[in-house]
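The next block holds one structure in the form of structure tokens; read it before the comments.
Residue numbers (UniProt numbering), protein chains in the order written: chain A, 1 to 431; chain B, 1 to 431.
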């Protein structure tokens, strides 16, 4: 198949690959610049990843956390639905496999690589089919179906072992995603599904949260980690720390203590992989093309101004970059995105710009409806005040006022009634 | 695999197959009866089919029109996620293939078959893969993805023929579903997507609505049909009546005048099949087992009290029944469902019950944001007043106050801003 050659025209072309927090903010920051901006993403929307777990647990519909890119950006941006698979840093070309299968060789004057992170199975990619990750909306909707189907399959199970396995949920990785998912499934058990499964004793539902390290939320301060762990246990989550997964199959997982010890098997019909983060593959291609190194997570080690060493026209930001080993959180990507837009604008007008400086606003993770932990520049919040802070910050970072209103209304309903409004299994049972 | 034998216990067991308008109302009507009610459905939710087209056109999220069965029914009902594949009317057993693949032989004392209708390709089942129907939430979400992807693929097309094909949408069948879909895609072209596709001239989008008959909305009165056709054309829909589809392939359709004439080809990347209705297959199995006839749409011809001739314990209702050739609309199914619950309750207490009498409240179909036609017992409404009536009736029939509020809010937003909040393609482009 002949590739489409797409060279920049007279105007300075900025290609932004990835439209998450980093890429979207880089693109938006160029709204008034004299540039042609082309945004490339594998999906047609900007995904608010922090609330993905709420799609997976039937609280929010996908559309509320995923505004269409074209709606956010508008007419002065080109959008290409496709996957960027390679970069030729010397010739300034990005290879994009487009939505129709064709290949576009997209030339650029400036390039922003914001492709984010992917999941790592530590070399055991065969585990993926039994323990999918939760990185895209498609993952979240599929997980929602798996969770709901597990309860239905438990209800019709005729032997105790099968019922037990269907009622067991294993979440690997006790970072914010794992903690949030575990808390929500525990809430389904405790509240949402009560009184609706005459066939089941919901007390038999087991939510198991594992992590190879000795603590939940490893990067947080000790008091917040302890609070989180204690609260999760109170909510009914079976927290198993210092346990490393050795194997995953269609019936469950095998794990053993991280520092050595006998293996144990956990039969679980639903396993979610929320552990192991790696930079997305395009980063490695770029690094190879530019002759620079990546760190052990595959992140490209960038200069102070977020550029690739030797290639000042290429910026790498967000989870896929290593800028002084900043954490792979939304705030980093967002700030870097804005910075990069400023840097490009400055270049075009010949102005100077200072290096990127990260303003650490802290981190937060939610545990339950009335409880979240937040570490905001040394201020430690937990419980209800933590949850309010968490809610305010997340609403602020959502794109679109309508989405903010819808998400807030969704939260109010679910917190108030315990019900989940998106309890849908899409695919009918097929005989 | 050994089947599970599930016989009724001491209490009178009512098995309800299908949880649409008919089945759900039959089940709910038995809430206070001294019965064990088992509801069987291929999906876990009650689907409000009339608004499915709004999921397909990104206005509403699936969850808002699909409350979970267990949430609606509560603790005093058994719910089985599975497909009923056969009925043994003599031994009173329904075969169910359950969500885990196992077979349950579900015995009953009373049976309510409310499995609805399926699409008919008039013997050309090979067309289905290129022209899917829109009957389930899964269909609607997939159609949404197809519509949105078509615009993205048009934006990257390099030859005019491909671009044109991607911008052409063909809807086969000008009943309410076809009319509503066509109107919405035309609205996307006219309003929603304006200013967001610099690569495209949206005026080139073609929405083609075909029907083998000479009129849109065939069962409606002439003045409403004419109004609808005129309005659709004003909105930019290319209405081609008296045209019968001869073939469907991966590039489009071939059609010819119904009363004979040369064929024409229409290249369309997105084809939707909204024509041809048949009773769902279980009905044929039941009819065979009970030794009774079905009509040419596969519907079982029932007695005045909705029962199967010779089997007073088996009720067939909704689209899948022929009760004096009543129309296959939601209201029929709903009223029959309530009636059947009363009939079963009356039987248990030895009371007599009158035959089912349908109260014809009329029919309605929407055309655009400010226009709908309604034929309410001789009162013909159109335009804005028709739309208000349409909206009120649909909200009234939705299950759940939260869903009503959410749907109304969704409508207000989309009508007010022209935006669609669920413009999500779930599956990432995969290289």
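Ideal placement from N, C-alpha and C gives every residue a C-beta, glycine not left out.
All of these numbers come straight from a predicted model, not from anything done at the bench.
In terms of alpha-carbon separation, which member of the options lies closest to residue i?
| i | options | result |
| --- | --- | --- |
| residue 3/B | 93/B, 19/B, 355/B | 93/B |
| residue 439/B | 163/B, 277/B, 364/B | No information on residue 439/B is available, as it lies outside the stretch 1 to 431 that chain B covers here. |
| residue 34/B | 348/B, 420/B, 424/B | 348/B |
| residue 234/A | 201/A, 368/A, 152/A | 368/A |
| residue 290/B | 302/B, 318/B, 279/B | 302/B |
| residue 188/B | 400/B, 261/B, 420/B | 420/B |
| residue 200/B | 119/A, 75/A, 84/A | 75/A |
| residue 221/A | 402/A, 52/A, 380/A | 380/A |
| residue 403/B | 66/B, 20/B, 24/B, 15/B | 66/B |
| residue 442/B | 23/B, 137/B, 7/B | The displayed coordinates of chain B run from 1 to 431. Any statement about residue 442/B would go beyond what the structure contains. |
| residue 179/B | 273/B, 330/B, 356/B | 273/B |
| residue 135/A | 20/A, 299/A, 282/A, 401/A | 20/A |
| residue 128/B | 47/B, 425/B, 253/B, 215/B | 253/B |
| residue 433/B | 362/B, 44/B, 50/B, 54/B | Only positions 1 to 431 of chain B appear in this structure, which leaves residue 433/B out of reach. |
| residue 313/A | 100/A, 107/A, 32/A, 72/A | 107/A |
| residue 262/B | 244/B, 271/B, 279/B, 427/B | 244/B |
| residue 284/A | 166/A, 89/A, 428/A, 342/A | 89/A |
| residue 429/B | 16/A, 366/A, 103/A, 63/A | 103/A |
Three-state secondary structure (DSSP) at residue i?
| i | result |
| --- | --- |
| residue 50/B | helix |
| residue 5/B | strand |
| residue 285/B | helix |
| residue 105/A | strand |
| residue 435/B | No information on residue 435/B is available, as it lies outside the stretch 1 to 431 that chain B covers here. |
| residue 133/B | strand |
| residue 23/A | helix |
| residue 35/A | strand |
| residue 119/B | strand |
| residue 94/B | strand |
| residue 324/A | coil |
| residue 307/B | strand |
Which residue comes first and which comes last in the beta strand (DSSP E) that contains residue i?
| i | result |
| --- | --- |
| residue 371/A | 371-376 |
| residue 363/A | 363-368 |
| residue 170/B | 168-172 |
| residue 180/B | No beta strand (DSSP E) holds residue 180/B; the alpha helix (DSSP H) holding it covers 176-187. |
| residue 206/B | 206-211 |
| residue 412/B | Unbroken run through residue 412/B is the alpha helix (DSSP H), 401-417; no beta strand (DSSP E). |
| residue 314/B | 311-316 |
| residue 266/A | 264-267 |
Opposite residue i in the DSSP bridges: which residues?
| i | result |
| --- | --- |
| residue 351/B | Note: residue 351/B sits in no beta bridge, so no partner. |
| residue 244/A | 256/A |
| residue 45/B | 68/B |
| residue 380/A | 375/A |
| residue 273/B | 133/B, 172/B |
| residue 110/B | 14/B |
| residue 86/B | 95/B |
| residue 191/A | BP columns for residue 191/A are empty, so no partner. |
Note down, in chain order, every chain B residue with its Cβ under 8 Å from the Cβ of residue i.
| i | result |
| --- | --- |
| residue 45/A | 423, 424, 425 |
| residue 411/A | By Cβ distance, chain B contributes nothing, its closest Cβ being about 13 Å from residue 411/A, past 8 Å. |
Using a C-beta to C-beta distance shorter than 7 Å, which residues of chain A count as neighbours of residue i?
| i | result |
| --- | --- |
| residue 14/B | In chain order: nothing, as chain A lies at least about 15 Å away. |
| residue 66/B | 424 |
| residue 272/B | Ordered by position in chain A, no residue passes the 7 Å Cβ test against residue 272/B, which lies about 18 Å from the chain. |
| residue 141/B | 426 |
| residue 74/B | 195, 196 |
| residue 158/B | 4 |
| residue 148/B | 44 |
For residue i, return the contacting residues in chain B, with the cut-off set at a CB-CB distance below 7 Å.
| i | result |
| --- | --- |
| residue 81/A | 152, 429 |
Starting from residue i, find everything on chain A with Cβ-Cβ shorter than 9 Å and list it in chain order.
| i | result |
| --- | --- |
| residue 125/B | Neighbours of residue 125/B on chain A: none; closest Cβ ~15 Å, over 9 Å. |
| residue 279/B | Under the 9 Å cutoff, chain A gives no residues; its nearest Cβ is about 17 Å from residue 279/B. |
| residue 345/B | Simply none; closest approach about 21 Å. |
| residue 36/B | Residues of chain A passing the Cβ test: none, with the nearest at roughly 10 Å. |
Over what stretch of residues does the alpha helix (DSSP H) that includes residue i continue unbroken?
| i | result |
| --- | --- |
| residue 227/A | 222-234 |
| residue 127/A | First-last for residue 127/A: undefined, no H or E at that position. |
Run down chain A in chain order and give the residues with a C-beta less than 8 Å from the C-beta of residue i.
| i | result |
| --- | --- |
| residue 31/B | Those do not exist, as residue 31/B stays about 14 Å from chain A at its closest Cβ, beyond 8 Å. |
| residue 137/B | 424, 426 |
Using a Cβ cut-off of 9 Å, pull out every chain B residue sitting near residue i, in sequence order please.
| i | result |
| --- | --- |
| residue 250/A | By Cβ distance, chain B contributes nothing, its closest Cβ being about 13 Å from residue 250/A, past 9 Å. |
| residue 98/A | 152, 153, 156, 429 |
| residue 432/A | Any answer about residue 432/A is impossible in this case: the structure gives chain A only from 1 up to 431. |
Confirm the yes/no value for this check: CB of residue i, any heavy atom of the ligand HEM, distance under 8 Å.
| i | result |
| --- | --- |
| residue 261/A | As presented, the structure is devoid of all ligands, the ligand HEM included, so that no description of it is given. |
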